[in-house]
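Everything below concerns the one structure shown next.
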(Lines of atoms letter the chains of each structure in order from A and count residues from 1; the text may use other names and numbers.)
(Lines give C-alpha, C1' and ligand atoms only; values in the text may rest on other atoms or scores of the structure.)
Protein backbone atom coordinates (compact mmCIF):
# COMPACT_ATOMS: atom_id res chain seq x y z
CA UNK A 1 0.00 0.00 0.00
CA UNK A 2 1.34 3.40 -1.02
CA UNK A 3 0.49 6.52 0.95
CA UNK A 4 1.04 9.97 -0.58
CA UNK A 5 0.76 13.06 1.60
CA UNK A 6 -1.04 15.53 -0.66
CA UNK A 7 -1.05 18.22 2.02
CA UNK A 8 -0.04 18.43 5.68
CA UNK A 9 -1.16 21.91 6.71
CA UNK A 10 -4.24 23.79 7.78
CA UNK A 11 -5.92 27.04 6.78
CA UNK A 12 -4.04 28.71 9.63
CA UNK A 13 -0.71 27.49 8.29
CA UNK A 14 -0.99 27.77 4.51
CA UNK A 15 1.54 30.23 3.06
CA UNK A 16 -0.52 33.08 1.60
CA UNK A 17 0.30 36.62 0.56
CA UNK A 18 -1.31 38.04 3.69
CA UNK A 19 0.82 35.96 6.04
CA UNK A 20 4.05 37.63 7.11
CA UNK A 21 5.27 35.02 9.62
CA UNK A 22 8.85 33.79 9.42
CA UNK A 23 7.80 30.19 8.65
CA UNK A 24 5.63 31.12 5.67
CA UNK A 25 8.10 33.68 4.37
CA UNK A 26 11.46 32.08 5.12
CA UNK A 27 10.75 28.38 5.63
CA UNK A 28 12.23 25.59 3.53
CA UNK A 29 10.23 23.45 1.09
CA UNK A 30 8.93 21.21 3.90
CA UNK A 31 7.44 24.26 5.63
CA UNK A 32 5.20 25.06 2.63
CA UNK A 33 2.05 23.12 3.47
CA UNK A 34 -1.20 22.81 1.57
CA UNK A 35 -4.42 21.73 3.30
CA UNK A 36 -4.25 18.24 4.82
CA UNK A 37 -5.14 15.29 2.61
CA UNK A 38 -3.70 11.90 1.71
CA UNK A 39 -3.98 9.49 -1.20
CA UNK A 40 -3.97 5.72 -0.70
CA UNK A 41 -3.09 3.41 -3.59
CA UNK A 42 -3.43 -0.36 -3.32
CA UNK A 43 -3.63 -2.93 -6.15
CA UNK A 44 -5.15 -0.56 -8.68
CA UNK A 45 -7.52 1.20 -6.26
CA UNK A 46 -6.99 4.89 -5.48
CA UNK A 47 -8.76 6.75 -2.71
CA UNK A 48 -8.29 10.27 -1.40
CA UNK A 49 -9.12 11.29 2.15
CA UNK A 50 -10.51 14.85 2.19
CA UNK A 51 -10.63 17.33 -0.67
CA UNK A 52 -9.85 20.80 0.59
CA UNK A 53 -9.37 24.03 -1.38
CA UNK A 54 -6.01 22.77 -2.70
CA UNK A 55 -7.45 19.54 -4.15
CA UNK A 56 -7.11 20.58 -7.80
CA UNK A 57 -3.46 21.56 -7.48
CA UNK A 58 -2.67 18.47 -5.43
CA UNK A 59 -4.14 16.21 -8.14
CA UNK A 60 -2.22 18.05 -10.86
CA UNK A 61 1.03 17.96 -8.89
CA UNK A 62 0.74 14.19 -8.39
CA UNK A 63 -0.45 13.62 -11.98
CA UNK A 64 -3.53 11.73 -10.79
CA UNK A 65 -5.76 10.55 -13.62
CA UNK A 66 -8.18 8.35 -11.68
CA UNK A 67 -9.73 8.37 -8.21
CA UNK A 68 -12.10 5.59 -7.15
CA UNK A 69 -13.50 7.39 -4.11
CA UNK A 70 -13.10 10.33 -1.77
CA UNK A 71 -13.49 9.78 1.98
CA UNK A 72 -14.57 12.77 4.06
CA UNK A 73 -13.45 13.15 7.67
CA UNK A 74 -15.77 16.12 8.28
CA UNK A 75 -17.40 19.02 6.49
CA UNK A 76 -15.13 21.94 7.46
CA UNK A 77 -14.11 23.96 4.43
CA UNK A 78 -10.43 23.03 4.59
CA UNK A 79 -11.54 19.41 4.06
CA UNK A 80 -14.37 19.67 1.48
CA UNK A 81 -14.07 22.96 -0.44
CA UNK A 82 -12.26 21.26 -3.33
CA UNK A 83 -15.08 18.83 -4.09
CA UNK A 84 -16.17 21.09 -6.94
CA UNK A 85 -13.08 19.93 -8.83
CA UNK A 86 -14.19 16.30 -9.05
CA UNK A 87 -15.81 17.41 -12.31
CA UNK A 88 -12.53 16.64 -14.09
CA UNK A 89 -12.67 13.04 -12.85
CA UNK A 90 -16.36 12.89 -13.80
CA UNK A 91 -15.33 13.81 -17.34
CA UNK A 92 -12.55 11.24 -17.49
CA UNK A 93 -14.54 8.37 -15.95
CA UNK A 94 -17.98 9.21 -17.33
CA UNK A 95 -19.61 8.65 -13.93
CA UNK A 96 -20.23 10.38 -10.60
CA UNK A 97 -17.52 10.44 -7.96
CA UNK A 98 -18.16 8.15 -4.98
CA UNK A 99 -17.97 10.31 -1.86
CA UNK A 100 -18.13 8.54 1.50
CA UNK A 101 -19.40 10.74 4.34
CA UNK A 102 -21.69 10.75 7.36
CA UNK A 103 -25.30 11.86 6.95
CA UNK A 104 -24.60 15.23 8.60
CA UNK A 105 -21.58 15.83 6.37
CA UNK A 106 -23.63 14.91 3.31
CA UNK A 107 -26.19 17.55 4.24
CA UNK A 108 -23.49 20.21 4.42
CA UNK A 109 -22.05 19.07 1.10
CA UNK A 110 -25.50 19.38 -0.48
CA UNK A 111 -25.80 22.91 0.89
CA UNK A 112 -22.31 23.98 -0.20
CA UNK A 113 -22.61 22.48 -3.69
CA UNK A 114 -26.36 22.86 -4.12
CA UNK A 115 -25.96 23.54 -7.85
CA UNK A 116 -24.80 19.93 -8.31
CA UNK A 117 -27.97 18.48 -6.77
CA UNK A 118 -30.69 20.34 -8.68
CA UNK A 119 -33.18 18.30 -10.76
CA UNK A 120 -31.82 20.03 -13.84
CA UNK A 121 -28.13 20.78 -13.61
CA UNK A 122 -26.01 22.97 -15.83
CA UNK A 123 -23.77 20.91 -18.15
CA UNK A 124 -20.37 20.23 -16.60
CA UNK A 125 -21.24 20.70 -12.92
CA UNK A 126 -19.66 18.14 -10.60
CA UNK A 127 -21.48 14.88 -10.04
CA UNK A 128 -21.41 12.92 -6.77
CA UNK A 129 -22.58 9.55 -5.56
CA UNK A 130 -22.94 10.18 -1.83
CA UNK A 131 -22.47 7.01 0.23
CA UNK A 132 -23.29 6.95 3.92
CA UNK A 133 -20.58 6.07 6.43
CA UNK A 134 -21.31 5.30 10.07
CA UNK A 135 -18.98 3.13 12.09
CA UNK A 136 -19.28 -0.04 10.03
CA UNK A 137 -16.46 -1.29 7.82
CA UNK A 138 -16.94 -0.79 4.09
CA UNK A 139 -15.05 -1.61 0.91
CA UNK A 140 -13.90 0.44 -2.05
CA UNK A 141 -13.30 -2.23 -4.66
CA UNK A 142 -11.27 -4.80 -2.68
CA UNK A 143 -9.94 -2.28 -0.16
CA UNK A 144 -11.50 -2.70 3.30
CA UNK A 145 -11.81 0.47 5.36
CA UNK A 146 -12.67 0.77 9.03
CA UNK A 147 -14.12 4.16 10.04
CA UNK A 148 -14.24 5.31 13.64
CA UNK A 149 -15.31 8.48 15.38
CA UNK A 150 -13.06 10.84 17.30
CA UNK A 151 -13.77 14.29 18.72
CA UNK A 152 -12.84 17.65 17.22
CA UNK A 153 -13.82 19.68 20.28
CA UNK A 154 -17.49 18.57 20.60
CA UNK A 155 -17.85 17.60 16.96
CA UNK A 156 -17.63 13.95 15.94
CA UNK A 157 -15.32 13.47 12.95
CA UNK A 158 -14.27 10.34 11.12
CA UNK A 159 -10.87 8.73 11.19
CA UNK A 160 -9.98 5.74 9.04
CA UNK A 161 -8.01 2.53 9.43
CA UNK A 162 -6.89 0.69 6.30
CA UNK A 163 -4.90 -2.46 6.94
CA UNK A 164 -2.00 -1.56 9.24
CA UNK A 165 -2.45 2.17 8.59
CA UNK A 166 -4.58 4.74 10.44
CA UNK A 167 -5.30 8.37 9.54
CA UNK A 168 -6.58 10.69 12.27
CA UNK A 169 -6.72 14.44 11.73
CA UNK A 170 -8.61 17.35 13.36
CA UNK A 171 -8.82 15.66 16.73
CA UNK A 172 -8.39 16.57 20.38
CA UNK A 173 -9.81 13.37 21.93
CA UNK A 174 -9.75 9.71 20.93
CA UNK A 175 -12.38 7.72 22.86
CA UNK A 176 -11.14 4.90 25.04
CA UNK A 177 -13.02 2.27 23.06
CA UNK A 178 -11.17 3.31 19.89
CA UNK A 179 -7.63 3.15 21.27
CA UNK A 180 -7.45 -0.69 21.30
CA UNK A 181 -8.29 -0.70 17.58
CA UNK A 182 -5.12 1.32 16.94
CA UNK A 183 -2.69 -0.71 19.00
CA UNK A 184 -1.83 -3.07 16.12
CA UNK A 185 -1.21 -0.33 13.54
CA UNK A 186 2.24 -0.18 11.99
CA UNK A 187 1.80 3.41 10.81
CA UNK A 188 -0.37 6.14 12.34
CA UNK A 189 -0.83 9.65 10.99
CA UNK A 190 -2.09 12.01 13.68
CA UNK A 191 -2.97 15.68 13.61
CA UNK A 192 -1.20 18.19 15.87
CA UNK A 193 -1.79 21.86 15.24
CA UNK A 194 0.82 23.65 17.35
CA UNK A 195 3.04 23.35 20.42
CA UNK A 196 0.62 25.05 22.80
CA UNK A 197 -2.76 23.72 23.87
CA UNK A 198 -5.69 24.30 21.49
CA UNK A 199 -9.42 24.08 22.03
CA UNK A 200 -10.15 21.56 19.26
CA UNK A 201 -6.84 20.05 18.14
CA UNK A 202 -4.11 18.07 19.81
CA UNK A 203 -1.05 20.08 20.64
CA UNK A 204 2.27 18.50 19.73
CA UNK A 205 2.97 17.28 23.31
CA UNK A 206 -0.52 15.75 23.49
CA UNK A 207 -0.09 13.98 20.16
CA UNK A 208 3.29 12.62 21.28
CA UNK A 209 1.68 11.26 24.45
CA UNK A 210 -0.99 9.46 22.43
CA UNK A 211 1.57 8.00 20.03
CA UNK A 212 3.84 6.91 22.88
CA UNK A 213 0.86 4.97 24.26
CA UNK A 214 -0.10 3.41 20.91
CA UNK A 215 3.54 2.87 19.92
CA UNK A 216 3.26 2.13 16.19
CA UNK A 217 6.40 1.28 14.23
CA UNK A 218 6.19 4.70 12.60
CA UNK A 219 4.07 7.78 13.17
CA UNK A 220 3.67 11.01 11.26
CA UNK A 221 2.33 14.37 12.43
CA UNK A 222 0.02 16.23 10.04
CA UNK A 223 -2.39 19.22 10.01
CA UNK A 224 0.51 21.43 11.12
CA UNK A 225 0.10 25.18 11.47
CA UNK A 226 2.84 27.73 10.87
CA UNK A 227 2.84 28.50 14.60
CA UNK A 228 4.48 25.10 15.15
CA UNK A 229 7.80 26.50 13.90
CA UNK A 230 10.26 25.25 11.31
CA UNK A 231 10.02 21.62 10.20
CA UNK A 232 13.66 20.64 10.68
CA UNK A 233 14.01 22.29 14.08
CA UNK A 234 10.91 20.64 15.56
CA UNK A 235 11.40 17.23 13.96
CA UNK A 236 14.86 16.94 15.54
CA UNK A 237 13.18 17.13 18.95
CA UNK A 238 10.72 14.28 18.32
CA UNK A 239 11.03 10.66 19.45
CA UNK A 240 12.78 8.55 16.82
CA UNK A 241 9.62 6.76 15.65
CA UNK A 242 7.68 10.03 15.11
CA UNK A 243 8.33 12.26 12.11
CA UNK A 244 6.74 15.40 10.70
CA UNK A 245 4.93 14.65 7.47
CA UNK A 246 5.44 17.07 4.59
CA UNK A 247 3.70 17.72 1.29
CA UNK A 248 4.79 15.19 -1.32
CA UNK A 249 6.06 12.61 1.18
CA UNK A 250 5.40 9.02 0.05
CA UNK A 251 5.59 5.91 2.18
CA UNK A 252 5.03 2.20 1.55
CA UNK A 253 3.30 -0.04 4.07
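In this note's numbering, the protein residues as written are 1 to 253.
Note that the Cβ used here is the ideal one computed from N, Cα and C, for glycine as well.
Keep in mind the model is a prediction, meaning the values are calculated, not measured.
- For the set 100, 31 and 115, the Cα lying nearest the Cα of residue 134 is the one of 100.
- In the three-state scheme derived from DSSP, where H, G and I count as helix and E and B as strand, residue 165 is classed as strand.
- Across the set 75, 144 and 145, the C-alpha of 75 shows the shortest separation from the C-alpha of residue 111.
- Residue 215 counts as exposed, since fewer than 16 other beta carbons sit within 10 angstroms of its beta carbon.
- A residue is called buried once 16 or more other Cβ atoms fall within 10 Å of its Cβ, and residue 153, having fewer, is exposed.
- Assignment of residue 128 by DSSP, reduced to helix, strand and coil, places it in the strand class.
- Here the alpha carbon of residue 234 sits roughly 48 Å from the alpha carbon of residue 118.
- In the displayed model, residue 7 falls within a strand according to three-state DSSP.
- Secondary structure at residue 156: strand, using DSSP grouped into helix, strand and coil.
- Nearest Cα to residue 220 within the set 191, 226 and 197: 191.
- DSSP places residue 196 in the coil class of the three-state scheme, outside both helix and strand.
- Inter-residue distance for residue 178 and residue 148 is about 7 Å (C-alpha atoms, whole angstroms).
- For residue 97, the enclosing beta strand (DSSP E) covers residues 97-101.
- Distance from the CA of residue 120 to the CA of residue 40, rounded to the nearest whole angstrom, comes to 34 Å.
- From the listed residues 108, 136, 155 and 94, the smallest Cα separation to residue 125 is found for 94.
- In the three-state scheme derived from DSSP, where H, G and I count as helix and E and B as strand, residue 191 is classed as strand.
- A straight line joining the alpha-carbon of residue 218 with that of residue 115 spans about 43 Å.
- One Cα belongs to residue 50, the other to residue 73, and the distance between them is close to 6 Å.
- Assignment of beta-bridge partners to residue 181 by DSSP yields no partner.
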